[in-house]
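For the protein sequence lines, the chains are D and E, in the order given. Going by the numbering used here, the final residue of the first sequence carries number 141, and the count climbs one at a time with no gaps. Going by the numbering used here, the final residue of the second sequence carries number 1141, and the count climbs one at a time with no gaps. Where is the CB? At the ideal position from N, CA and C, for every residue including glycine. What follows is a short report on a single structure.
Protein chains: 2
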Amino acid sequence: MAPHISLVTLGVRDVAAATAFYERLGFKRSGASQEAVTFIHAGPVALGLFGRDALENDAKASSLWTGNGGIAVAMNCASETEVDAMMATAKTAGAKILKPAEKTFWGGYSGYFADPDGHAWEVAYNPFWPLAANGQVDLPA
Amino acid sequence: MAPHISLVTLGVRDVAAATAFYERLGFKRSGASQEAVTFIHAGPVALGLFGRDALENDAKASSLWTGNGGIAVAMNCASETEVDAMMATAKTAGAKILKPAEKTFWGGYSGYFADPDGHAWEVAYNPFWPLAANGQVDLPA
C-alpha cells in the first residue's frame, strides 16, 4: 500500500489527565484503550495518548526526544513483510533507524525511524486493527 | 463536525531536501505545494513540510518549540465560525491559546492552541480544500 499516516501519538505526562482534556475537546475514547494508553477517534486517523517516557522508550528516541512531550506519527502496514520493506526503504532514503522492527508485547510488530529532521515515525503491523486500503485504521467504538 | 486531525505538519530545516526525502519513501507531492511549503498525500491525512522557523512563527510557539524541528497537527473546520467555536472549546478545556484565530495571508482563517503537554494544534478553515464529513481533506493530485 502507498505510504501514509494512520495514527498520531502524543507523549503526555499523565495519560488519564490528557484523556480528560481531549474528552473536554469533544473527542471520543475508543474501547481499544488500556490503562497505559488511550486511543481516540480523530476522524480519518487515530490519536494515541501515551506516557511520554513510555513513548520515548518504545521509539528508542532518547537522542532526539523533545521538550514538548514528544510525538510520533505511525504508518500501519498490512503485514510484517510490509513493515520490513518500509523500514528498508526508509534506511535507504536516509532515515536514522531508531528501533529495527521487532515483535511487540502487544502482539504486533513495529519499528521506528527518524526523518532527517528528527521526527519519529513508527512503522507497525497490528493484527487487531482493521486497515483500509488508504491506511485508515478502524478503531473500535 | 466532530473533532479530528486533518493534517500533520513537520517543521524542517530545508523544505526541498525534506520533500526529496519523503519522495524517496514513496510519498506523492500534491500540486497544492508552494516554494515555502510542500503538501503530501499521506493516505487519510495530509502531510505538510514547512520551514521550522516559519512553522514556529505561524504557531507563535516559541515558548514550547522543540528540538526535533517541531510538529503541529491540524484540525480543518468547515467555516470560520467552527474555528472560533473550537478555539473557545479548547480554551475552556484548559488549552493555552498560542495564536487567536485570524485571517491568514493564504486566504484562510486559523488559530493555534497548545494542549497541556505543549503539543501544538492548528484549527483552520481553508476555503480551497474540500473537506469530508470526517475531517479528511481532499488534496489536489
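- Within the segment 1047-1117 of chain E, the complete alpha helix (DSSP H) segments of 4 residues or longer fall at 1052-1059, 1080-1093, listed in chain order.
- Counting the other Cβ atoms within 10 Å of the Cβ of GLN136 of chain D gives 16 or more, which makes it buried.
- 7 Å or more divides the Cβ of LEU139 of chain D from the Cβ of ALA20 of chain D.
- Shown here, ARG1024 of chain E sits in a helix according to DSSP, grouped into three states.
- In the three-state DSSP reduction, ALA16 of chain D falls in the helix class (H, G or I).
- By the neighbour-count criterion, in which a residue is buried when 16 or more other Cβ atoms sit within 10 angstroms of its Cβ, ARG13 of chain D is exposed.
- Taking 9 Å as the cut-off between beta carbons, the residues of the segment 71-82 of chain D near chain E are ILE71, VAL73, MET75, in sequence order.
- Annotation for ILE1040 of chain E: the continuous beta strand (DSSP E) segment containing it runs 1037-1042.
- Close partners of LEU47 of chain D in chain E (Cβ separation under 7 Å): ILE1005.
- Per DSSP, VAL1123 of chain E is one residue of the beta strand (DSSP E) stretching across 1120-1125.
- Contact annotation, PRO3 of chain D with LEU1007 of chain E: C-beta distance approximately 16 Å; criterion of less than 8 Å not satisfied.
- At the C-beta level, ALA42 of chain D and ILE1005 of chain E come within 7 Å of one another.
- Exclusion of the five residues before and after PHE27 of chain D leaves ILE40, HIS41, ALA42, LEU47 as the residues of its chain whose Cβ lies within less than 8 Å of its Cβ.
- Taking CB atoms only, ALA1016 of chain E has no neighbour in chain D less than 7 Å away.
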